[in-house]
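Residue numbers (numbering that gives the first Met the number 0), protein chains in the order written: chain A, 0 to 169; chain B, 0 to 122. By construction, the Cβ of each residue, glycine as well, lies at the ideal position given by its N, Cα and C atoms. Some notes on the structure that comes next.
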Amino acid sequence: MQSLTFNQKLGRFILNWVFLFLVWLMFTSTFFWQEVIIGAAVSMLLSLASIRLFTCCTLSILNPVKIFWMIWYFFVFIKALIVANFDVARRVITPSLPINPGIVKFKTKLTTNYSKMVLANSITLTPGTLSVDVIGDTFYIHWIDVETTDPEEAFKIIAEPFEKVLLKIF
Amino acid sequence: MSILEIIGGILLVIGSSFLFLGGLGIFRMPDIYNRLQAGTKATTLGGMSLVLGVGFLETDWIWKSLIIIIFIAYSNPISSHALARASYHRGHYPYIKSKEKEKMDAYREVVPHTKKEEKEDKA
């Protein structure tokens, strides 16, 4: 674990505090003042304790351009998720079970751990793919219907639409 | 019936039918990786729309259901990745239909096969 400067720690602390407090507000779904004060105190303690654990990003993530791309990513993701479900449903219902499974690999241009995690999770929920492992910048993907075993081609088909957006966010 | 109840009911039906298809997929697929594929995708969208449907039916719970949806979207793919990776390391090699078994399994370079594949294929 790299050591953090004070500014990074402060940024993470504020970001975690806001995030945890929002979760608290959504779970209690009330603005009664006792609940709000307790929620602020508890989320402050939790974010102090977890500065080293929640390492997603610093305050720079609140840049409006990045927030726009995050919302865009959300829609890309939901579309891929729905397509994936219909794809699996079609394969399951077809009597001949049209699958040609295998494991392919490709390399990503993303650098931070958190963005790789987001990419791997998104790949798992998109049509016909399941991330088996991430080692360094190499992704190993189980593909239910292998179209190509070439890493470049596989990258273009599986990961490119997500990575384009993720590179703009992180 | 209000419009919210109709939307909630439709979401419940969609969610439960995707969950049913996921269960059918787990039953029909040949090995653990394909089963995880069917299971993960179906439980993610199915669970999400079930919880959202409940949120529409009981409007007090809509914020809670949104939080639960975010947690499902985070935790479901992570657990399926952990299951897939663990089962490969444990020696359950993927079922491969085509003849070029070496070429179709890129993960072999990380985890060399130690057991016989023919036994594992039927799992």
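Classify residue i as helix, strand or coil using the three-state DSSP reduction.
{"i": "residue 136 of chain A", "result": "coil"}
{"i": "residue 149 of chain A", "result": "coil"}
{"i": "residue 98 of chain B", "result": "coil"}
{"i": "residue 30 of chain B", "result": "coil"}
{"i": "residue 82 of chain B", "result": "helix"}
{"i": "residue 141 of chain A", "result": "strand"}
{"i": "residue 130 of chain A", "result": "strand"}
Considering only the alpha carbon of each residue, which of the options lies closest to residue i?
{"i": "residue 7 of chain B", "options": "B:52, B:15 and B:24", "result": "B:52"}
{"i": "residue 38 of chain A", "options": "A:23, A:45, A:31 and A:169", "result": "A:23"}
{"i": "residue 69 of chain B", "options": "A:21, A:132 and A:86", "result": "A:21"}
{"i": "residue 18 of chain A", "options": "A:60, A:4 and A:103", "result": "A:60"}
{"i": "residue 137 of chain A", "options": "B:106, B:113, B:35 and B:111", "result": "B:106"}
{"i": "residue 97 of chain B", "options": "A:114, A:143, A:7 and A:121", "result": "A:143"}
{"i": "residue 49 of chain A", "options": "A:83, A:12, A:105 and A:85", "result": "A:12"}
{"i": "residue 77 of chain A", "options": "A:124, A:105 and A:89", "result": "A:124"}
{"i": "residue 219 of chain A", "options": "B:39, B:12 and B:1", "result": "Residue 219 of chain A is absent from the structure shown; chain A starts at 0 and stops at 169."}
{"i": "residue 73 of chain B", "options": "A:121, A:106, A:168 and A:63", "result": "A:121"}
{"i": "residue 76 of chain B", "options": "A:106, A:128 and A:31", "result": "A:128"}
{"i": "residue 18 of chain B", "options": "A:87, A:135 and A:96", "result": "A:87"}
{"i": "residue 92 of chain B", "options": "B:13, B:29, B:1 and B:2", "result": "B:29"}
{"i": "residue 23 of chain B", "options": "A:160, A:93 and A:154", "result": "A:93"}
{"i": "residue 85 of chain A", "options": "B:59, B:80 and B:37", "result": "B:37"}
{"i": "residue 4 of chain B", "options": "B:81, B:44 and B:57", "result": "B:57"}
{"i": "residue 59 of chain B", "options": "A:112, A:26, A:114 and A:126", "result": "A:26"}
{"i": "residue 126 of chain A", "options": "A:81, A:119, A:151 and A:154", "result": "A:81"}
{"i": "residue 103 of chain A", "options": "A:62, A:153, A:34 and A:33", "result": "A:153"}
{"i": "residue 167 of chain A", "options": "A:110, A:155 and A:105", "result": "A:110"}
Considering only residues of the same chain and omitting the five flanking positions on each side of residue i, which have a CB-CB separation below 7 angstroms?
{"i": "residue 86 of chain B", "result": "31"}
{"i": "residue 117 of chain A", "result": "165"}
{"i": "residue 46 of chain A", "result": "12, 15, 16 and 19"}
{"i": "residue 196 of chain B", "result": "Nothing can be reported for residue 196 of chain B, as the shown portion of chain B is limited to 0 through 122."}
For residue i, would you say it is in contact with chain A, using Cβ-to-Cβ distances shorter than 8 angstroms as the test?
{"i": "residue 63 of chain B", "result": "yes"}
{"i": "residue 80 of chain B", "result": "yes"}
{"i": "residue 17 of chain B", "result": "yes"}
{"i": "residue 9 of chain B", "result": "no"}
{"i": "residue 98 of chain B", "result": "no"}
{"i": "residue 111 of chain B", "result": "no"}
{"i": "residue 6 of chain B", "result": "no"}
{"i": "residue 3 of chain B", "result": "no"}
{"i": "residue 89 of chain B", "result": "no"}
{"i": "residue 71 of chain B", "result": "no"}
{"i": "residue 44 of chain B", "result": "yes"}
{"i": "residue 83 of chain B", "result": "yes"}
{"i": "residue 39 of chain B", "result": "yes"}
{"i": "residue 54 of chain B", "result": "no"}
{"i": "residue 49 of chain B", "result": "no"}
{"i": "residue 27 of chain B", "result": "yes"}
{"i": "residue 14 of chain B", "result": "no"}
{"i": "residue 77 of chain B", "result": "yes"}
Using C-beta distances below 6 angstroms, list every residue in its chain close to residue i, excluding the 5 sequence neighbours before and after it, in chain order.
{"i": "residue 46 of chain B", "result": "71"}
{"i": "residue 26 of chain B", "result": "none"}
{"i": "residue 48 of chain B", "result": "10, 13 and 14"}
{"i": "residue 72 of chain A", "result": "164"}
Say yes only if the C-beta of residue i is nearer than 7 angstroms to one or more non-hydrogen atoms of the ligand HEM, and no if none qualify.
{"i": "residue 73 of chain B", "result": "With respect to the ligand HEM, the structure shown offers nothing to examine, as it has no ligands at all."}
Taking CB distances under 8 angstroms as the criterion, tell me whether residue i reaches chain B.
{"i": "residue 106 of chain A", "result": "no"}
{"i": "residue 139 of chain A", "result": "yes"}
{"i": "residue 88 of chain A", "result": "yes"}
{"i": "residue 131 of chain A", "result": "yes"}
{"i": "residue 147 of chain A", "result": "no"}
{"i": "residue 25 of chain A", "result": "yes"}
{"i": "residue 11 of chain A", "result": "no"}
{"i": "residue 165 of chain A", "result": "no"}
{"i": "residue 46 of chain A", "result": "no"}
{"i": "residue 157 of chain A", "result": "no"}
{"i": "residue 120 of chain A", "result": "yes"}
Less than 8 angstroms between C-beta atoms, sequence neighbours within five positions excluded: which residues of the same chain meet that for residue i?
{"i": "residue 0 of chain A", "result": "Its pLDDT being 48, under 50, residue 0 of chain A is placed unreliably by the model, and nothing is read from it."}
{"i": "residue 101 of chain A", "result": "141, 142, 145 and 148"}
{"i": "residue 96 of chain A", "result": "90"}
{"i": "residue 21 of chain B", "result": "37, 38, 40, 41, 42 and 45"}
| task | Let me know the alpha helix (DSSP H) ranges lying completely inside the segment 29 to 110 of chain A, each 4 residues or longer, listed in chain order. | result | Within the segment 29 to 110 of chain A, the complete alpha helix (DSSP H) segments at least 4 residues long are 32 to 48 and 63 to 92, listed from N- to C-terminus.
| Where in the segment 21 to 75 of chain B do unbroken runs of the alpha helix (DSSP H), each at least 4 residues long, occur, reported from the N-terminal end onward? | DSSP runs (the alpha helix (DSSP H)) wholly in the segment 21 to 75 of chain B: 31 to 56.
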